[in-house]
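Residue 752 is where the sequence shown starts when you use this note's numbering, and the numbers rise one by one after that. Okay, structure first, notes after.
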Amino acid sequence: MSLESEGSRPSISPTGPLRPAFPVWGLFGRGLLYVVGQVLVVPAPWTATGLYRFLCEHVSLPDGRRLRFAGQPGDIWYILIGLAALGWLHNVQHAGVSGAVTLATILLTVPVVRWFCASVRTEDGRLSISFNGEALAWLGWHILLIVSLLTIIGWAWVLKAMMQWICRNISGTAGFTFTATGPAILGHALLLILMCVFILPIPWAMRWYADWFARQFSVVAPSAAG
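Put into structure tokens, the structure is as follows:
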């Protein structure tokens with residue numbers, strides 16, 4: 752079924768990759784504000800919500816409809832503040848504490864992902880999606896990703912598989928797939944690091960990578976997402 756009522760808009764296929772258009776300085780500025788919010792802890796719900804709203808407003812579906820983010824800072828403020836507070840505890844030099852903090856951080860991101868997906872809309876309000884992945888599976892994927900970092904390059908293939916799992920667990924009026932390959936993820940990450948080494952290109956490098964990563968998500972019919 753088309754996400755648009757027949758005849759209300761030009762006939763454009765609703766399937767295909769997302770269409771990002773992030774402005775260089777807008778993305779860089781929102782990223783900095785997000786980091787400041789995490790450091791100061793208390794502003795985290797506002798800076799996180801602002802970043803998510805900015806990202807959605809600069810991404811369109813394949814048929815041109817712009818995304819919108821309906822979430823508000825007060826929706827899950829306690830979780831966003833908790834994640835920011837846990838960020839400070841990562842500096843504790845104790846294996847037991849560090850492991851517990853990492854575990855708590857991973858599990859607390861699950862309700863954030865659920866909230867984010869439930870808050871994503873389109874301009875016409877017809878997009879409605881939800882993330883239904885289990886918390887234990889989410890934890891397992893993140894542990895595998897952390898372990899894969901020891902292989903230097905294997906993490907790219909794990910990330911690809913994890914993104915595909917996330918897409919399979921998104922349901923609603925549209926489905927999603929993740930199309931990037933392991934070599935592409937690895938190559939783009941290495942090039943991003945190389946550009947950031949020179950400091951000055953960082954804003955442009957961020958925009959380039961964000962645009963590329965967003966385009967790796969493609970909209971498909973809900974029945975085809977699984």
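The beta-carbon is built from N, C-alpha and C at its ideal position, and this holds for glycine as well. Bear in mind the structure is a predicted one, so any value in this text is a computation, not a measurement.
Am I right that residue i and residue j are in contact with their C-beta atoms under 8 Å? What's the rounded C-beta distance?
i           : j           : result
residue 812 : residue 970 : 6 Å
residue 836 : residue 792 : 5 Å
residue 881 : residue 822 : Rounded, the Cβ-Cβ distance is 13 Å, inconsistent with contact.
residue 886 : residue 861 : 5 Å
residue 931 : residue 967 : 4 Å
residue 973 : residue 891 : About 25 Å separates the two Cβ atoms, so there is no contact after all.
residue 771 : residue 814 : 15 Å between Cβ atoms; not a contact.
residue 789 : residue 838 : 5 Å
residue 830 : residue 859 : 6 Å
Compare the Cα-Cα distances from residue i to each of the options and report the closest residue.
i           : options               : result
residue 943 : 927, 928, 960 and 935 : 960
residue 773 : 851, 918, 767 and 808 : 808
residue 865 : 884, 941 and 967      : 884
residue 802 : 895, 887 and 785      : 785
residue 952 : 765, 770, 973 and 776 : 776
residue 868 : 946, 800 and 834      : 800
residue 896 : 843, 906 and 889      : 906
residue 806 : 816, 901, 911 and 820 : 820
residue 725 : 925, 954 and 947      : With the chain represented from 752 up to 977, any question about residue 725 goes unanswered, as that position is not in the structure.
residue 958 : 920, 778, 928 and 863 : 778
residue 934 : 876, 795 and 903      : 903
residue 818 : 828, 845, 841 and 876 : 876
residue 857 : 874, 833, 843 and 879 : 833
residue 810 : 956, 879 and 874      : 874
residue 879 : 855, 921 and 917      : 921
residue 889 : 962, 914 and 872      : 914
residue 927 : 894, 938, 965 and 804 : 965
residue 794 : 816, 912, 824 and 780 : 824
residue 828 : 849, 796 and 845      : 796
residue 911 : 929, 949 and 898      : 929
The alpha helix (DSSP H) with residue i in it runs from where to where?
i           : result
residue 950 : First-last for residue 950: undefined, no H or E at that position.
residue 800 : 795-808
residue 897 : 886-899
residue 775 : 775-791
residue 830 : 828-840
From what residue to what residue does the beta strand (DSSP E) around residue i run?
i           : result
residue 921 : 921-923
residue 929 : 926-929
residue 820 : 818-820
residue 872 : 871-873
residue 880 : 880-882
residue 970 : 968-971
Within the region 845-871, ranges of the alpha helix (DSSP H) (whole runs, at least 4 residues)
846-870
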